[in-house]
Amino acid sequence: MKICCFTGHRVIEKQDMAPLSAALDRRLEALASEGYTEFRAGGARGFDTLAALRVLRLRERHPQCRLVLILPCRDQAKSWRVGERSLWEQMLGEADEVRFLYESYVPECMHARNRALVDGSDLCIAYLTENRGGTLYTCSYALKNGVRLLNLAEEIATDRSQ
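Position one of the sequence shown corresponds to residue 43 (our numbering), numbered consecutively onward.
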């Protein structure tokens with residue numbers, strides 16, 4: 043079984059949304075053809091949500107593909123706006139597996155979630171545009187642990203410049 047995880051910023055630049063979605067769809071199709079069957083997302087707003095929703099669409103065409111949500115805590119979406127929380131609950135309901143690392147928020151739960159996403163993965167697909175924060179931490183952790191990293195932000199920036 044081949045495993046892919048996702049990490050990315052909570053805010054996706056407006057001009058990046060369409061090309062990022064298209065690049066993600068292309069990569070997911072290719073990965074399904076290469077035998078990837080488990081796709082892990084961390085349930086955060088932004089790129090995590092986009093990736094999870096795209097995996098759910100992929101699963102319609104490739105039923106062997108599974109969405110696994112690895113969440114930092116059960117109350118992850120507690121302070122989110124109603125629409126964001128509804129989407130989060132919908133993702134949980136449609137995921138093939140949901141893992142909560144902690145019952146409630148503790149300071150280390152986000153980094154624990156990021157490490158759990160990467161551990162055992164063969165590939166980490168990222169949307170990294172800033173060299174700071176949890177996304178950078180997760181990308182660095184992936185590289186340090188021999189997990190192949192693909193930054194879609196670089197791919198869409200290259201496409202835009204051509």
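Just so it is clear, CB atoms sit at the ideal spot from N, CA and C, and this is done for glycine as well.
Is there a Cβ from chain B that is less than 8 Å from the Cβ of Ile-45?
Given the protein chain composition of this structure (a single chain), no chain B is represented.
Per DSSP, Thr-171 forms a beta bridge with which residues?
The count along the sequence shown starts at 1 and reaches residue 171 at position 129. DSSP links Thr-171 through a beta bridge to no other residue.
Span separating the alpha-carbon of Met-59 from that of Ala-168:
To locate residue 59, count along the sequence shown from 1; it is residue 17. To locate residue 168, count along the sequence shown from 1; it is residue 126. Distance between Met-59 and Ala-168, taken at the CA atoms: about 14 Å.
Please classify Ser-163: is it buried, with 16 or more other beta-carbons within 10 angstroms of its beta-carbon, or exposed?
Residue 163 sits at position 121 when you count from the first residue of the sequence shown. Buried: at least 16 other Cβ atoms inside 10 Å.
Just checking, does the stretch 68-78 make contact with the stretch 142-150 on the three C-beta pairs under 8 Å criterion?
The stretch 68-78 vs the stretch 142-150: no contact.
Applying the criterion that 16 or more other CB atoms from any shown protein chain within 10 Å of the CB defines a buried residue, is Arg-82 buried or exposed?
For this step, residue 82 is matched to residue 40 along the sequence shown. Classification for Arg-82: buried.
Which partner residues of Phe-81 appear in the DSSP bridge assignment?
Residue mapping note: residue 81 aligns to position 39 of the sequence shown, counting from 1. DSSP lists Cys-46 and Leu-109 as partners of Phe-81.
If you draw a straight line from the alpha carbon of Arg-68 to that of Glu-102, how long is it in whole angstroms?
In the sequence shown, the residue the question calls residue 68 occupies position 26. In the sequence shown, the residue the question calls residue 102 occupies position 60. In a straight line, the C-alpha of Arg-68 is about 15 Å away from that of Glu-102.
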